[in-house]
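Take any residue in the sequence shown, note its place counting from 1, add 372, and you have its number in the working numbering. Worksheet: the structure to be examined is printed underneath.
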Amino acid sequence: MAQVFTSLGEINYKRDYYFEDGTGQYCFPIDEVLKVSAYERIGKGICAELVNEAADVSYQRAADIVSGGAVSRQTVKNKIKEAGILEKGIPEIKSDVDELHIHADEDHAHIQKYRKKGKENKQVPYIVLTEGTESVYKSRNRTINPVHFADKDLDGKTLWAKTSAYIYGTYEHAEDVPIYIHSDGGSWIKGWKEELPNAVPIMDMFHFRKELKQANRSVPEAMLSSVIYNNISLEDEEKAREKCITAVNKAIRLAKEEKAKKKLKEFRTYLKNNWEGIRNSFRLETSGSCTEGQISHGLSERISRDPMGWSKDGVGRMAMLRAYRRNGCRGEESDFRRKEKENSRLLEYSRELCQEALSGRKDWTLFRCETYAMDTSTGTQHLLRLLGKSRS
Numbered sequence: 373m374a375q376v377f378t379s380l381g382e383i384n385y386k387r388d389y390y391f392e393d394g395t396g397q398y399c400f401p402i403d404e405v406l407k408v409s410a411y412e413r414i415g416k417g418i419c420a421e422l423v424n425e426a427a428d429v430s431y432q433r434a435a436d437i438v439s440g441g442a443v444s445r446q447t448v449k450n451k452i453k454e455a456g457i458l459e460k461g462i463p464e465i466k467s468d469v470d471e472l473h474i475h476a477d478e479d480h481a482h483i484q485k486y487r488k489k490g491k492e493n494k495q496v497p498y499i500v501l502t503e504g505t506e507s508v509y510k511s512r513n514r515t516i517n518p519v520h521f522a523d524k525d526l527d528g529k530t531l532w533a534k535t536s537a538y539i540y541g542t543y544e545h546a547e548d549v550p551i552y553i554h555s556d557g558g559s560w561i562k563g564w565k566e567e568l569p570n571a572v573p574i575m576d577m578f579h580f581r582k583e584l585k586q587a588n589r590s591v592p593e594a595m596l597s598s599v600i601y602n603n604i605s606l607e608d609e610e611k612a613r614e615k616c617i618t619a620v621n622k623a624i625r626l627a628k629e630e631k632a633k634k635k636l637k638e639f640r641t642y643l644k645n646n647w648e649g650i651r652n653s654f655r656l657e658t659s660g661s662c663t664e665g666q667i668s669h670g671l672s673e674r675i676s677r678d679p680m681g682w683s684k685d686g687v688g689r690m691a692m693l694r695a696y697r698r699n700g701c702r703g704e705e706s707d708f709r710r711k712e713k714e715n716s717r718l719l720e721y722s723r724e725l726c727q728e729a730l731s732g733r734k735d736w737t738l739f740r741c742e743t744y745a746m747d748t749s750t751g752t753q754h755l756l757r758l759l760g761k762s763r764s
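The following block contains the structure:
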């Protein structure tokens, strides 16, 4: 007797076990007809619906909506893992575009410690690629053809590789299209330099104004905000940089409290590390940044807004699922029949691009092999040391 939970409810049916002469194996013919896998207790259509619902609500709520509570929340989590890597594929036909904008930021999730008390924060990188913005109503804009990216392993380098592969696979002459990177200047975000070396960084003004406001509040009499706003967009970049850094150094000297000095020194480091992006945000006429809004709608609604704890694998797969659903995609029955579900199609395409770029070049990997660690106690090593001493 077999039991399978489907969209029609629980189905109980008898099945006979046969020996197949062609393959020399035993099988259940009715399972082949119904496309039921071995040990399957939940239909693939139900699995897909559980995954789709879990992107917006809790595991338990998803189980209640889809099955009326017939399956557990642990089952919902297992099905998300079983679905493997879900990501929007590259279109079959390439398109032309005038410019591209990338909004990169991260959310922070509470990660449960295994067999330990308390929680720890984990950074969840997130990227949204758009073709710019268009006006909807008065001062309200919306992004054009946004595509969301997340990585199940929360790896920023992998995320940039996926984004780069999608860009070069989707757009004609992508290497000549201006690409603007909108961000807060986080360390993982600087990984774009390896995948998109011709891109232009743009500092998110919300973050910059926040940093500048805090620094200016430390020593108001230094008028740090006025000096930076008046000089950062000067035609002569070296002169602009000198005036801004000098203004911060002056504010540090005027500060009386160590706390204020420390804050100003941190701002000086922030200004130096993100100088190009900050200056570009003042000098270049680009569409405004919406990184905070993308994170809020893309991740925070499900991952960090309510008090909840995650495992590293769980939050990574949820971020990936959220990006998949935000791209207008849905989990399908076929996602539970695929083989090699843990392979990313975008990463595979990225590797193909690298192989094409490196084709015909000389292979120097022979000289990068690990050196052999010799045993220093052997007779050969003693003899070599004695020869060395005799020469000295």
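Virtual Cβ for every residue (Gly too), placed ideally from N, Cα, C. The structure displayed is predicted, hence computed values, not measured ones.
Simplified DSSP assignment, three categories, for residue i
i: ASN602; result: helix
i: PHE578; result: helix
i: ARG512; result: strand
i: PRO401; result: helix
i: SER716; result: coil
i: VAL500; result: strand
i: TYR538; result: helix
i: ASN384; result: strand
i: LYS529; result: helix
i: GLU742; result: The predicted position of GLU742 is uncertain, since its pLDDT is 48 and thus under 50; no value can be drawn from it.
i: ASN588; result: helix
i: THR395; result: coil
i: ASN699; result: coil
i: GLU704; result: coil
i: GLU607; result: coil
i: LYS524; result: coil
Own chain partners of residue i with C-beta closer than 6 Å, once the 5 adjacent residues on each side are dropped
i: PRO573; result: ILE553, GLU648, GLY649
i: SER507; result: ASN513
i: THR505; result: ASN513, THR515, SER659
i: SER497; result: For the sequence presented, residue 497 should be read as Pro rather than Ser. Excluding residues within five positions, the ones whose Cβ falls inside 6 Å are GLU478, GLY528, LEU531, TRP560.
i: LYS416; result: GLU705, PHE708
Segment limits, beta strand (DSSP E) that includes residue i
i: CYS662; result: Run containing CYS662: none; DSSP gives neither H nor E here.
i: VAL429; result: Element bounds for VAL429: n/a, residue is neither H nor E.
i: PHE521; result: 519 to 521
i: PHE391; result: 390 to 392
Same chain, Cβ closer than 7 Å to residue i, five either side skipped, listed in chain order
i: LYS451; result: CYS419, LEU422, VAL423
i: SER536; result: GLU567, LEU568, SER722
i: ASN645; result: GLY557
i: SER597; result: LEU584, ASN588
i: SER672; result: ASP479
i: LEU755; result: none
Residues near residue i by beta carbon distance below 8 Å, same chain, minus five either side
i: LEU606; result: ALA612, LYS615
i: MET692; result: ILE457, LEU458, GLU459, ALA522, ASP523, LYS524
i: ILE437; result: GLU425, VAL429
i: HIS579; result: ASP556, GLY557
i: ALA427; result: ARG674, MET690, LEU693, ARG694, TYR696, ARG697
i: ARG655; result: SER605
i: LYS622; result: ALA594
i: ASP685; result: LYS453, LYS524
Integer-rounded CB distance, given that residue j should sit under 8 Å from residue i
i: ASP576; j: SER555; result: 6 Å
i: HIS482; j: TRP682; result: 7 Å
i: PRO463; j: THR542; result: 6 Å
i: GLN495; j: HIS480; result: 6 Å
i: ILE600; j: LEU584; result: 7 Å
i: ILE716; j: LYS534; result: Looking at the sequence itself, residue 716 is Ser, so the reference to Ile does not match. Confirmed, about 7 Å.
i: HIS475; j: CYS662; result: 6 Å
i: GLN753; j: ASP477; result: The Cβ separation is near 55 Å, so there is no contact.
i: ARG664; j: PRO550; result: A quick correction: the sequence has Glu, not Arg, at residue 664. Actually they do not touch by this definition, with Cβ atoms about 23 Å apart.
i: ALA455; j: LYS713; result: 7 Å
Entirely enclosed alpha helix (DSSP H) segments - the stretch 540 to 570, minimum 4 residues: Contiguous alpha helix (DSSP H) elements confined to the stretch 540 to 570 occur at 564 to 567, taking only those with 4 or more residues.
Beta strand (DSSP E) runs contained entirely in the stretch 439 to 489, provided each spans 3 or more residues: 472 to 484
Alpha helix (DSSP H) runs contained entirely in the stretch 614 to 694, provided each spans 4 or more residues: 630 to 645, 647 to 655, 663 to 667
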